[in-house]
Amino acid sequence: MVKYFTKRTLLFVLTCSVHFFYAQEKGIPNKNTQNGFAQLDFLSIKMPLQEPNMDFTGIHYNLKLNDWAYTGLGFYGAVGGIRGGFFTLGINAGIKYHITKKLFIDSGIHFGGGGGASAPDGGGAFILPHFNLGYDFNDFSITSGWSYVNFFDGGNIKNHQFYAAVQIPLSFNYSDFNKREQQFSVKDLKITDWKEPSDRLSLMVHLNNLSVKGDSKFSTGESIKGRTMRLAGFELNSFLNKNWFVFVKADGAYSGIPAGYMDIFLGGGYHVSMNKNRTNIQAKFGIGAGGGGGVDTKGGFLIYPDLSIEQKIFDNIYLSINKGYLMSPDAHFLSSTLGFGLKYYVEKDGIFSNDTEFSKAKFKGVQTIVKQDWYFDAQRNGNFKQDMHQISLQINFFLNKFIYGAGQTSFANFGDAGAYAEGIVGLGAQTNSFFNNKITAFAQVLGGAAGGGGISTGQGLIVKPSVGINFMVTKNLNLRGGIGYVKARGGQLSTTFANFGVSYDISYLIAK
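To convert, take the position in the sequence shown, counting from 1, and add 636; that gives this note's numbering.
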């Protein structure tokens, strides 16, 4: 028995040793796992002057720093009351402390910026602390308790209220950012920790045209019927299996109405492939928040049924055409949609799937950047200038080692422009590291939709070039600073800006 055990132990050690040295010889990057959770939450905020409560719902993603602390990002949007189009972006920090295996305390704070819909939001900066009691059901958790909201930069929204949330565990695998663009055969990866089933994702950038119908009106009472609102944005799909997926979608208007309209949706859909996977049909349904730009969406709650067809044009890139409706449930605001987009499919974090046989895999770089922008003497409607500050989230997807595609959204938080927001996309380039591998430089040009808060952006189209540097703190964390220029087409906004923030940089595995 002892002899048998000794042989089995020796065999195990030798197998692990071969695995380790083979991976080292091939230079295969280590697989790291970042634990985290997604959260949907709700609170009903008491408004001043006997106005109906503003129902506020949020979408968040938090990284777990250890067994009890977390930090992350979140969006909020109005879905009830009379402030449709009220949106915010902010950062989260908190603790989850388990009292028992199932029962836990969740306490934290959200700091952000935003506003809209002529609400008394001041400059837009606000805090939202909470203290909740939660219960863990393994696949998800529920929490509820107390919260407090205060738009403290000259705003008049401040109150205590009940707070409830659903949390869903959501982790991801990654490697170091400097491993990006390294390529390996699937055969090499089969004896490493990367031997896992892949997760299918798709990312689409699109233009969406809303043909407004029915009794839809501006908040002034003027009819919008017959107008075409032109929107630009993105959509991210995550597949649960071969056919079913969930999605998040965000758009901002750049033409057709005064600047300031945006919407955010969360939903699900069904995917069918044909023609040897060269043609796809998707049916989806989303719920979310929308408004701004003077459009009357009442409380802001909208639904989005949609049908799209996709045709492969090369590799994993498809041309998409969609047709559907974007509307409030009672048709107070009603529009038909016609959109066009480019969609990119990836098989992420694994080397095999049920219906596809892969031969090679590559690590791709991605940067998540949170920063504070400072617009110097931003031109306002009314022919005056005033500094404006905004909190900004930018995500860069590297197309190769140096060139990246970027998406950015920003919301004003200081400077008496609480309703101002941006949704822009573009391209950038980043250098190799220098000065003891601590510094990289970048240049980028972004453009898209912006408006609200009295900032003079015309119908909302802006262009925003900038340059800057990153300073490495750890392998995955950088300090980031930049300077640039922003110009509105059809508006007076034409000024310089500076920003400073942090960048979380990783690489992820995609298989082909």
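Even for Gly, the Cβ is constructed at its ideal location relative to N, Cα and C.
Query: Euclidean distance between Cα positions of residue 1070 and residue 1002; Result: 20 Å
Query: For residue 798, the residue or residues it bridges with in DSSP; Result: 782
Query: Exposed unless 16 or more other CB atoms sit within 10 angstroms - verdict on residue 657; Result: Since pLDDT at residue 657 reaches only 41, below the 50 mark, its modelled position is unreliable, and the value read off the structure follows with that caveat. Looking at its Cβ environment, which holds fewer than 16 other Cβ atoms inside 10 Å, residue 657 is exposed.
Query: Helix, strand or coil at residue 722 [DSSP, three-state]; Result: coil
Query: Three CB pairs or more closer than 8 Å across the region 1059-1069 and the region 1035-1044; Result: yes
Query: Limits of the beta strand (DSSP E) - the one that residue 849 falls within; Result: 835-849
Query: Contact check, residue 986 vs residue 833, beta carbons under 7 Å; Result: yes
Query: Candidates 976, 1145 and 761, of which the one nearest residue 868 by Cα; Result: 976
Query: Selected residue, minimal CA-CA separation from residue 1049, among 795, 758 and 683; Result: 758
Query: Residue from 1100, 736 and 1073 whose Cα sits closest to the Cα of residue 1080; Result: 1100
Query: Rounded distance between the beta-carbons of residue 732 and residue 706, thought under 8 Å; Result: 7 Å
Query: Residue 692 in three-state terms, based on DSSP; Result: strand
Query: Identified DSSP bridge partners for residue 777; Result: 772 and 803
Query: Neighbourhood of residue 1113 by C-beta distance below 8 Å, restricted to the same chain and skipping five residues each side; Result: 1138, 1139, 1140 and 1141
Query: Buried/exposed call for residue 771, threshold 16 Cβ in 10 Å; Result: exposed
Query: Coarse secondary structure for residue 812, derived from DSSP in three states; Result: coil
Query: Residue 961 versus 1143, 814 and 849, residue with shortest Cα-Cα distance; Result: 849
Query: Spatially closest choice to residue 931 from 963, 939 and 855, by CA coordinates; Result: 855
Query: Cβ-Cβ separation, residue 978 to residue 841 (assumed contact under 8 Å), whole Å; Result: 6 Å
Query: Residue 659, DSSP secondary structure in three states; Result: With a pLDDT of only 44 at residue 659, under 50, the local geometry of the prediction cannot be trusted, and the value read off the model is given with reservation. Correct three-state label for residue 659: helix.
Query: Buried or exposed by the 16-neighbour rule on C-beta atoms within 10 Å, applied to residue 952; Result: exposed
Query: Those residues which DSSP pairs with residue 1120 across a bridge; Result: 1102 and 1133
Query: Per-residue burial, residue 704 [other beta carbons within 10 Å of its own, 16 or more giving buried]; Result: exposed
Query: DSSP-derived helix/strand/coil call for residue 822; Result: helix
Query: Sequence-distant residues of its chain with Cβ nearer than 6 Å to residue 1134 (five each side left out); Result: 1010 and 1119
Query: Contacts around residue 690, its chain only, beta-carbon distance under 6 Å, and the 5 residues preceding and following it disregarded; Result: 681, 683, 714, 717 and 719
Query: For residue 1084 and residue 887, the rounded distance between their alpha carbons; Result: 10 Å
Query: Own chain partners of residue 642 with C-beta closer than 8 Å, once the 5 adjacent residues on each side are dropped; Result: In this prediction, residue 642 has a pLDDT of 43, which is less than 50 and means its spatial position is unreliable; what the coordinates show is noted afterwards. The answer is none, since no qualifying residue turns up.
Query: Proximal residues to residue 938 (C-beta, below 7 Å), its chain only, five neighbours per side dropped; Result: 899, 924, 925, 926, 962, 963 and 964
Query: Buried versus exposed, by CB contacts within 10 Å (16 or more), residue 1136; Result: exposed
Query: Residues bridged to residue 866 (per DSSP); Result: 845 and 891
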